[in-house]
Amino acid sequence: RGLLGVGCNRLNVHTIRKANVAFARYLSQYPNVFKTGVAIAYDNRYMSKEFAQESANVLASFNIPSYVFTTLRPTPELSYAVRELGCEGGIVITASHNPKEYNGYKVYDNKGCQLIPELIDQVINEINKIEDELAIEINLSDNQRKLVHWIDHEIDEKYIKRVLEIQNRPEMDKSNLNLVFTPQHGTALIPVTEVFNKAGYPYILVDEQCSFDPDFPNTKSPNPEEKVAYEKAIELARKVNADGVLSTDPDADRVGIVVKHNNEYILLTGNQTGSILIEYLLKTKTQLNTLPKNPVIFNTVVTSDLGEKIANHYGVEVEKTLTGFKFIGEKIAKYEVTHEKNFVFGYEESYGYLVEPFVRDKDAIQACLLIAECMSYYKHEGLTLVDVLNDLYQRFGYHHEDQVSLTLKGSDGSQKIKSILNHFRTSIISDFAGFKVVGKEDYLLLEKTKDGNKSKLDFPPSDVIKYYLEDGTWLAIRPSGTEPKCKFYFCVLGKSELDVKEKFNSINQALKKHLE
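The following block contains the structure:
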């Protein structure tokens, strides 16, 4: 992801060409690519369609066919298209929830999964061989022009059909639900409304946020993690007395939810939503006898432990990955081959969920349908999702998850982030606010220390440090992969809501002292 504009550190036609030349050279090691090609999708941003067309032209210059959507599509549908069309790779032009001045370029493998770091390194290696992107010229022959194929509704229909199949209770009366939905000017508008129409869920749209406007004019933020993103939707929800609000980000891979509870509209975190969905899914699959043998759920090392406790209660294992859904996709692919375990659910704390693995990325379209089903089911029981969450806290202990970001821009900022990580990596810290440190995991050194004993971590190296405190509370530190930020994650355990919030504030203050 990067700012649009002129220059080699901006996204423009020349830097997009450079990235595509590198990706084409990388793909050329797989002879199949010259038959099966690459699927390409894009969002509503400035230059998205132009960059998609440019990508197709560069691939054609390498005699690689492409299948480009005629109009904007969700990122998860691109992942599906790669698999459905049998392509060797995929490209999405999107900057997800970043401000309007940004765009981005994401690449996928033949499983519809974002490239993992060791493969991205191969692409970067090819990028570094290109000295002057201005010298790249694309002159296509007539035959090469024919390698660019435009695809329209044929993939949509198959994708929507698969999404509808994730329902656990398709016969349930859904007319009890009253939802407000906003696509934040993005790509989820058509697929989510089509899925809701076909499944029978009533909804009301935030009309002024339904235009595919690249300026995102009618939202304070298109990021579903931020409360300001919901202002217009909550205003509408109050007017129509809605049970809740669903908001997808512009490329429709993440979704946030606001729930009406005691006449208040409460934004759930990604951790809370993930935990509620696990409880609903596993309870339902157990009742309906649809839980597979050797079931497994995937989440990341910075995701709350509450979901794992719920899963374990139902006899379901949880495996951790590094941050980034590509690592969850990699795990799904591994077990698809070995058949050791069967995927049930995958999620991240950053509002990304996957229900069925016919997509290998976060899928807000699937998630919207599951959340609607979950809300309708519990409403029939006289419960809101906040009631469900409070019940989970009673059963498994209070969990307060939080994330604090420190924005540090420019090369000075980048150095400062490195020095922060280095401080925590090299310092011996015995406690945070009097809460004793009992374990530390360093994912760069792949080293785990617990009660003074060291062991190895089985992960690819990544710049993440995690501290465990004596009562099961933990905090983690990592640099953002997409923004100039150092991120601090907290999962605080306690006896009550007040207890966990007070404890979080104390630990956060103690952490800040290390940053002075």
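For the sequence shown, the working numbering begins at 391 and goes up steadily by one. For glycine and all other residues, C-beta sits at the position ideal for the given N, C-alpha and C.
Strand pairing of I855, partner residues [DSSP]: Counted from its first residue, the sequence shown places residue 855 at position 465. I855 pairs with D832 and I867.
Cβ pair count under 8 Å reaching 3, the segment 705 to 721 against the segment 792 to 804: The segment 705 to 721 is not in contact with the segment 792 to 804.
Neighbourhood of N820 by C-beta, 8 Å cutoff - its chain only, sequence neighbours within 5 removed: Locating residue 820 in the sequence shown gives position 430, where the first residue counts as 1. A small correction: the amino acid at residue 820 is Ser; Asn does not occupy that position in the sequence shown. These residues qualify, in order along the chain: K826 and V827.
Contiguous alpha helix (DSSP H) assignments of at least 4 residues, all confined to the segment 610 to 656: 621 to 630
Cβ contact check for the segment 410 to 423 and the segment 513 to 524: 3 or more pairs under 8 Å: yes
Straight-line Cα distance separating A431 from G502: Reading the sequence shown from its first residue, position 112 is the one you call residue 502. Reading the sequence shown from its first residue, position 41 is the one you call residue 431. Approximately 12 Å between the Cα atoms of the pair.
Supposed contact pair I483 and D433 - C-beta distance, whole angstroms, cut 8 Å: Numbered from its first residue, the sequence shown carries residue 433 at position 43. Numbered from its first residue, the sequence shown carries residue 483 at position 93. Going by Cβ atoms, the distance from D433 to I483 rounds to 7 Å, so yes, they are a contact pair.
The beta strand (DSSP E) enclosing I594, as first and last residue numbers: Position 204 of the sequence shown, counted from the first residue, corresponds to residue 594. Looking at the DSSP string, the run of the beta strand (DSSP E) that includes I594 is Y593 to L595.
Residue burial classification, R785 (beta-carbon count within 10 angstroms, cutoff 16): Along the sequence shown, one-based indexing puts residue 785 at 395. Classification of R785: exposed, given that the 10 Å Cβ count is below 16.
Boundaries (first-last residue) of the beta strand (DSSP E) holding G719: Indexing the sequence shown from 1 puts residue 719 at position 329. From DSSP, G719 is part of no beta strand (DSSP E) but of the alpha helix (DSSP H) over F715 to T728.
Assigned secondary structure, D394 (DSSP; H/G/I helix, E/B strand, else coil): Locating residue 394 in the sequence shown gives position 4, where the first residue counts as 1. Before going on, a small fix: residue 394 reads as Leu here, not Asp. Strand.
Test item: CB-CB of I624 and C764 under 8 Å: The residue given as residue 624 occupies position 234 in the sequence shown. The residue given as residue 764 occupies position 374 in the sequence shown. Cβ distance not < 8 Å, so I624 and C764 don't count as in contact.
Same chain only: Cβ atoms within 8 Å of L712, ignoring 5 sequence neighbours per side: Residue numbering aside, residue 712 sits at position 322 when the sequence shown is read from its first letter. Excluding residues within five positions, the ones whose Cβ falls inside 8 Å are T690, V691, Y833, F849, P850, S852 and V854.
Boundaries (first-last residue) of the beta strand (DSSP E) holding H789: Position 399 of the sequence shown, counted from the start, is the residue given in the question as residue 789. Unbroken beta strand (DSSP E) run through H789: Y788 to T797.
DSSP state of Y743 mapped onto helix, strand, coil: Counting from 1 along the sequence shown, the entry for residue 743 is found at position 353. It is a strand residue.
Beta-bridge partners of T572, as assigned by DSSP: The residue you call residue 572 lines up with position 182 of the sequence shown. According to DSSP, which records beta bridges pairwise, T572 is partnered with S637.
Per-residue burial, N410 [other beta carbons within 10 Å of its own, 16 or more giving buried]: Within the sequence shown, residue 410 is the residue found at index 20, counting from 1. By the Cβ neighbour-count rule, N410 is buried, with 16 or more other Cβ atoms within 10 Å of its own.
Beta-ladder partner(s) of L883, from DSSP: Your numbering for residue 883 matches position 493 in the sequence shown. H789, per the DSSP bridge assignment.
Contiguous alpha helix (DSSP H) assignments of at least 4 residues, all confined to the segment 668 to 715: Fully enclosed alpha helix (DSSP H) runs of 4 or longer: 696 to 703.
Close Cβ partners of V553 (< 7 Å) along its chain, the five nearest in sequence each way excluded: On the sequence shown, residue 553 is found 163 positions in, with the first residue counted as 1. Closer than 7 Å at the Cβ level, and outside the excluded window around V553, lie V585, I755, Q756 and L759.
Buried versus exposed, by CB contacts within 10 Å (16 or more), H789: Along the sequence shown, one-based indexing puts residue 789 at 399. That one is buried.
N-terminal and C-terminal residue of the alpha helix (DSSP H) that E771 is part of: As a position in the sequence shown, residue 771 is number 381, starting the count at 1. Segment: none, E771 is in no alpha helix (DSSP H) and carries neither H nor E.
Sequence-distant residues of the same chain with beta carbon closer than 6 Å to Y549, five excluded per side: To locate residue 549, count along the sequence shown from 1; it is residue 159. Taken in chain order, the residues that qualify are E467 and Y470.
Meets three-Cβ-pair contact criterion under 8 Å: the segment 527 to 543 and the segment 398 to 406: no
Residues near L505 by beta carbon distance below 8 Å, same chain, minus five either side: Position 115 of the sequence shown, counted from the first residue, corresponds to residue 505. Around L505: V497, Y498, D499, V513 and K716.
Distance between beta carbons of K564 and S694, contact taken as under 8 Å: Here the question's residue 694 lines up with position 304 in the sequence shown. Here the question's residue 564 lines up with position 174 in the sequence shown. Incorrect: roughly 29 Å between the Cβ atoms, too far for contact.
Strand pairing of K840, partner residues [DSSP]: As a first step, residue 840 must be located in the sequence shown, where it is residue number 450. G829 and N843.
Residue range of the alpha helix (DSSP H) that includes G803: In the sequence shown, the residue the question calls residue 803 occupies position 413. Note, G803: alpha helix (DSSP H), G800 to T816.
Rounded Cβ spacing between I556 and E831 (contact assumed at less than 8 Å): Within the sequence shown, the letter at position 166 stands for residue 556. Within the sequence shown, the letter at position 441 stands for residue 831. Not confirmed; about 34 Å, so no contact.
Coil, strand or helix - V749 by DSSP: Within the sequence shown, numbered from 1, the residue matching residue 749 stands at position 359. In this structure, V749 counts as coil in the three-state DSSP scheme.
Segment limits, beta strand (DSSP E) that includes F733: Taking the sequence shown and counting its residues from 1, the one referred to as residue 733 is at position 343. It spans N732 to E738 - the beta strand (DSSP E) in which F733 sits, taken as one unbroken run.
Beta-carbon spacing of I700, V734 below 8 Å: As a working note, residue 700 is residue 310 in the sequence shown. As a working note, residue 734 is residue 344 in the sequence shown. V734 sits away from I700, with the two beta carbons spaced by 8 Å or more.
Check whether N493 and Y436 have beta carbons under 8 Å apart: In the sequence shown, residue 493 corresponds to position 103, counting from 1. In the sequence shown, residue 436 corresponds to position 46, counting from 1. Their beta carbons are under 8 Å apart, which means N493 touches Y436 by this criterion.
Cβ distance (whole Å) where D639 is taken to contact H487 below 8 Å: Position 249 of the sequence shown, counting from 1, holds the residue named residue 639. Position 97 of the sequence shown, counting from 1, holds the residue named residue 487. The C-beta distance from D639 to H487 rounds to 4 Å, short enough to fall under 8 Å.
Contained alpha helix (DSSP H) runs [length at least 4] in the segment 423 to 463, N- to C-terminal order: 423 to 426 and 438 to 451
Spatial neighbours of V749 in its chain, beta-carbon cut-off 6 Å, leaving aside the 5 residues before and after: Here residue 749 refers to the residue found at position 359 of the sequence shown. Once the five neighbours on either side are set aside, the close Cβ partners of V749 are P466, S469 and Y470.
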